[in-house]
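Structure first, then comments.
There are 2 protein chains.
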Amino acid sequence: MTTRALQREHTRARIVEAAIEAFADRGFDGATTRDIATRAGTNQGLVSYHFETKADLWRAAADRLCNELAERLERELDGLPSGSERARESLRIFVRLNAQRPALFHFLVDAGRHDGDRMRYLVETHLRRRFAEVARFTGDEEHAAHAYYALAGASGLLFAVAPECRALTGVDASEADVIERHADYVARLFVP
Amino acid sequence: MTTRALQREHTRARIVEAAIEAFADRGFDGATTRDIATRAGTNQGLVSYHFETKADLWRAAADRLCNELAERLERELDGLPSGSERARESLRIFVRLNAQRPALFHFLVDAGRHDGDRMRYLVETHLRRRFAEVARFTGDEEHAAHAYYALAGASGLLFAVAPECRALTGVDASEADVIERHADYVARLFVP
DNA sequence: TCTTTCACTGGTCACTTGACAAGCCAACGA
DNA sequence: TCGTTGGCTTGTCAAGTGACCAGTGAAAGA
Chain A
1 MTTRALQREH
11 TRARIVEAAI
21 EAFADRGFDG
31 ATTRDIATRA
41 GTNQGLVSYH
51 FETKADLWRA
61 AADRLCNELA
71 ERLERELDGL
81 PSGSERARES
91 LRIFVRLNAQ
101 RPALFHFLVD
111 AGRHDGDRMR
121 YLVETHLRRR
131 FAEVARFTGD
141 EEHAAHAYYA
151 LAGASGLLFA
161 VAPECRALTG
171 VDASEADVIE
181 RHADYVARLF
191 VP
Chain B
193 MTTRALQREH
203 TRARIVEAAI
213 EAFADRGFDG
223 ATTRDIATRA
233 GTNQGLVSYH
243 FETKADLWRA
253 AADRLCNELA
263 ERLERELDGL
273 PSGSERARES
283 LRIFVRLNAQ
293 RPALFHFLVD
303 AGRHDGDRMR
313 YLVETHLRRR
323 FAEVARFTGD
333 EEHAAHAYYA
343 LAGASGLLFA
353 VAPECRALTG
363 VDASEADVIE
373 RHADYVARLF
383 VP
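Which chain is which? The protein sequence lines are A and B, in order.
Residue numbering for the first sequence follows this note's numbering, beginning at 1 and increasing consecutively.
Residue numbering for the second sequence follows this note's numbering, beginning at 193 and increasing consecutively.
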């Protein structure tokens with residue numbers, strides 16, 4: 001690959017990563033392309049140059065976020081021994097992902113509350129597969145949606161509102177032992 | 193009370209109610225005072241007249257939302273028979289409140305992700321008491337925060353992203369039997 | 001009855017927003 | 001080597017944004 005092409009990809013990646021942070025922090029409406037540019041260490045014009053619209057950038061950010069998590073999930077689940085403990089460990093892994101990337105939860109909530117383009121895109125492109133897995137996991141057609149959203153909520157909320165959790169309970173959700181305790185709590189909750 | 197004072201209170205209440213919807217829909221940054229005014233059936237100037245700043249209006253909306261839910265929760269818990277089923281029924285009630293007022297979840301997430309004035313206000317004014325109750329309920333000092341956020345997430349997310357849930361799973365979270373099924377699911381989850 | 005009060009309206013303000021366009025210059029290709 | 005490409009910067013634009021203010025008219029008080 002040429003120097004220029006490499007530089008281009010590198011810059012785009014930096015902007016997308018900054019966009020993930022910004023959209024998670026402020027929501028789609030609240031995040032500004034200027035703020036994203038600053039986080040990426042450049043200027044607003046460059047964001048418009050690489051991504052035609054703000055919505056395009058959001059889609060790129062959602063893709064990056066979801067693909068990264070899907071890959072990591074698949075990789076970590078792969079090396080798991082089968083048996084009764086497998087289900088619980090799967091849940092622990094899912095909780096750890098939520099802890100490392102609270103942006104996932106924010107994208108889900110921010111896009112999911114309206115029936116719009118962003119919600120449709122998330123559902124069609126990324127969520128269908130993940131939901132199908134949970135549905136197969138529960139086996140229960142009737143309660144699949146309930147299990148899915150209860151799990152996602154129980155796993156992600158703590159890390160999504162980490163500053164509030166710190167102020168309210170004194171618990172720092174970024175600490176490793178807190179993450180592990182939550183992973184264990186959720187795992188035992190859903191697989192007693 | 194005079195006609196004017198009554199009218200004033202009525203108008204303020206209308207604006208606050210519109211603000212709850214708007215802030216839940218778009219977040220603090222995304223919601224505009226003009227949109228709030230339109231939802232309330234008036235003009236932007238009147239919003240500024242009744243509430244000095246947008247942040248003031250947000251605080252009034254948060255108060256209204258939290259007080260309403262605290263009252264309802266207390267009232268419904270009051271008539272509950274003691275016994276082994278009491279814990280489960282408490283959880284069902286909590287889920288039903290989340291279903292009726294998904295705005296609660298959105299306020300929590302929107303304010304809770306940053307260490308700022310709104311987050312502090314929510315914690316100090318409304319959340320402390322509620323968390324203390326959950327902590328007393330679990331009895332377990334070590335896991336109180338984990339139980340609290342797992343419960344809040346598991347109860348609220350489904351209704352907070354109802355449009356997404358509909359598109360993803362076909363389940364309409366506004367239907368009464370879906371609400372009851374989720375209430376039962378969460379209740380059995382936390383009190384097996 | 002007549003003045004005062006005040007909830008409410010319409011319009012203006014400085015400022016921010018996303019999108020766009022002209023120019024710059026190092027990397028590229030001939 | 002020299003013209004071209006294209007990533008990038010700077011500046012500009014219309015469309016909002018929250019806050020503010022003078023004016024209005026009906027209710028309240030004298």
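The C-beta atom is built at its ideal place from N, Cα and C for all residues, glycine as well.
Alpha helix (DSSP H) containing residue i: first to last residue?
{"i": "residue 290/B", "result": "276-292"}
{"i": "residue 172/A", "result": "Unbroken run through residue 172/A: none, as it is neither H nor E."}
{"i": "residue 198/B", "result": "195-222"}
{"i": "residue 116/A", "result": "Per DSSP, residue 116/A belongs to no alpha helix (DSSP H) and is neither H nor E."}
{"i": "residue 301/B", "result": "295-304"}
{"i": "residue 140/A", "result": "That residue, residue 140/A, is in no alpha helix (DSSP H); it is neither H nor E in DSSP."}
Report the three-state DSSP secondary structure of residue i (helix, strand or coil).
{"i": "residue 67/A", "result": "helix"}
{"i": "residue 237/B", "result": "helix"}
{"i": "residue 164/A", "result": "helix"}
{"i": "residue 191/A", "result": "coil"}
{"i": "residue 51/A", "result": "coil"}
{"i": "residue 319/B", "result": "helix"}
{"i": "residue 80/A", "result": "coil"}
Within 10 Å of its beta-carbon, does residue i have 16 or more other beta-carbons around it, so buried, or fewer, so exposed?
{"i": "residue 5/A", "result": "exposed"}
{"i": "residue 189/A", "result": "buried"}
{"i": "residue 119/A", "result": "buried"}
{"i": "residue 81/A", "result": "exposed"}
{"i": "residue 156/A", "result": "buried"}
{"i": "residue 142/A", "result": "exposed"}
{"i": "residue 10/A", "result": "exposed"}
{"i": "residue 341/B", "result": "buried"}
{"i": "residue 219/B", "result": "buried"}
{"i": "residue 356/B", "result": "buried"}
{"i": "residue 2/A", "result": "exposed"}
{"i": "residue 92/A", "result": "buried"}
{"i": "residue 132/A", "result": "exposed"}
{"i": "residue 245/B", "result": "exposed"}
{"i": "residue 152/A", "result": "buried"}
{"i": "residue 90/A", "result": "buried"}
{"i": "residue 176/A", "result": "exposed"}
{"i": "residue 13/A", "result": "exposed"}
Is the Cβ-Cβ distance between residue i and residue j less than 8 Å?
{"i": "residue 19/A", "j": "residue 61/A", "result": "yes"}
{"i": "residue 279/B", "j": "residue 383/B", "result": "yes"}
{"i": "residue 327/B", "j": "residue 314/B", "result": "no"}
{"i": "residue 96/A", "j": "residue 154/A", "result": "no"}
{"i": "residue 222/B", "j": "residue 29/A", "result": "yes"}
{"i": "residue 113/A", "j": "residue 301/B", "result": "no"}
{"i": "residue 243/B", "j": "residue 299/B", "result": "no"}
{"i": "residue 146/A", "j": "residue 360/B", "result": "no"}
{"i": "residue 202/A", "j": "residue 69/A", "result": "Nothing can be reported for residue 202/A: it is not among the residues displayed for chain A, which extend from 1 to 192."}
{"i": "residue 104/A", "j": "residue 65/A", "result": "yes"}
{"i": "residue 44/A", "j": "residue 37/A", "result": "yes"}
{"i": "residue 239/B", "j": "residue 225/B", "result": "yes"}
{"i": "residue 181/A", "j": "residue 172/A", "result": "no"}
{"i": "residue 8/A", "j": "residue 21/A", "result": "no"}
Is residue i a contact residue of the ligand ATP, with contact defined as CB to any heavy atom under 7 Å?
{"i": "residue 54/A", "result": "Among the components of this structure there are no ligands whatsoever, and the ligand ATP is therefore not found."}
- Return the residues of the region 198-214 of chain B that lie within a Cβ-Cβ distance of less than 7 Å from chain A, sorted by chain order. Listed in sequence order: no entries.
- Message: Taking beta-carbon pairs under 8 Å, can you tell me which members of the region 147-158 of chain A lie near chain B?
- Response: Correct list: 147, 148, 149, 150, 151, 152, 153, 154, 155, 156, 157 and 158.
- Query: Which residues, in order along the region 314-333 of chain B, keep a beta-carbon less than 9 Å from a beta-carbon of chain A?
  - Reply: 314, 315, 316, 319, 320, 323 and 327
- Query: Using Cβ-Cβ distances below 9 Å, what residues of the region 276-302 of chain B are close to chain A?
  - Reply: 294, 297, 298, 300, 301 and 302
- Message: If the cut-off is 9 Å on Cβ atoms, which residues from the region 44-75 of chain A count as contacting chain B, listed in chain order?
- Response: none
- Scan the region 164-178 of chain A for residues whose Cβ lies nearer than 7 Å to a Cβ of chain B and list them as they occur along the chain. 164, 165, 167, 168, 169 and 171
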